[in-house]
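Everything below concerns the one structure shown next.
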Ligand SMILES: [Zn+2]
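Residue numbers (this note's numbering): -19 to 191.
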């Protein structure tokens, strides 16, 4: 496999972890370009626990510089999340599957620093005739707001019960993490499950041939 496989329906912090596969020249990184980062932000915005109010105006007219800043912050947060996910799951996969991860304490600091921007900007929005909701004040640019809300949700995942459901996918050549459901799900996706079964079958065949 040389392409990153997206895992459908995962929480935004997990989705961010899975935007990269491989390292060096063969890497496949959905956030490597400003256009890729903008696409990811557009897609993840409606799936966040809190809606950043600045996102709707920011998306259609974001300057190249502000998208590049958001892409940089997202890649830095992704490195921190992958480090913490690897530590939480005792990930046995080779570190080279994704390069340049920070050490544990640096990852905690990046996550907390990024989440703090959103935590300081969450407000209650409750129009007299509507339903109450938590929203992010509109003063953070949309891309940065999305990044910090993803970080805030990641703080809850790592610090809460969901962390026990976090898994590294151990199918051949997969770099993904996923939150397992209540079943006995062992792979991030059906494609990985199929690939793992084929690899197991091939290993058995070659063992039989040698035997
Ligand atoms: Zn997988």
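Yeah, the Cβ is synthetic: ideal placement off N, Cα and C, and Gly gets one too.
- Residue ranges of uninterrupted alpha helix (DSSP H) with 4 or more members, entirely inside the region 58 to 108 and ordered along the chain, are 84 to 99.
- For residue 167, the three-state secondary structure derived from DSSP is coil.
- For residue 90 against residue 125, the beta-carbon gap comes to about 17 Å, at or over 8 Å, which does not count as contact.
- Judged by pairs of C-beta atoms under 8 Å, the region 80 to 99 does not touch the region 16 to 24, as fewer than three such pairs exist.
- DSSP places residue 136 inside the alpha helix (DSSP H), whose first and last residues are 122 to 139.
- Here the region 56 to 70 lies against the region 135 to 154, with 3 or more beta-carbon pairs under 8 Å apart.
- For residue 156, the number of other beta carbons within 10 angstroms of its own is at least 16, and it is reported as buried.
- Using a cutoff of 7 Å, the CB of residue 156 counts as near ligand 1, since one of the ligand's heavy atoms is closer than that.
- For residue 147, the uninterrupted beta strand (DSSP E) segment begins and ends at 146 to 148.
- Under DSSP, residue 0 takes part in a beta bridge, and its partners are 9.
- When the five nearest sequence neighbours on each side are left out, the beta carbons in the same chain lying within less than 6 Å of the beta carbon of residue 63 are those of 81, 82, 87, in order along the chain.
- Taken in chain order, the whole alpha helix (DSSP H) runs of length 4 or more contained in the region 10 to 37 are 14 to 24.
- No residue range can be given for residue 151, since it is assigned to no beta strand (DSSP E) and is classified by DSSP as neither H nor E.
- Here residue 183 is exposed. Its C-beta has fewer than 16 other C-beta atoms within 10 Å.
- Cβ neighbours of residue 117 within its own chain (closer than 6 Å, five residues either side excluded): 101, 103.
- Between residue 32 and residue 130, the C-beta gap is not smaller than 8 Å, which leaves the two residues out of contact.
- Just so you know, the alpha carbons of residue 45 and residue 75 end up roughly 31 Å apart.
- Assignment of beta-bridge partners to residue 157 by DSSP yields 148.
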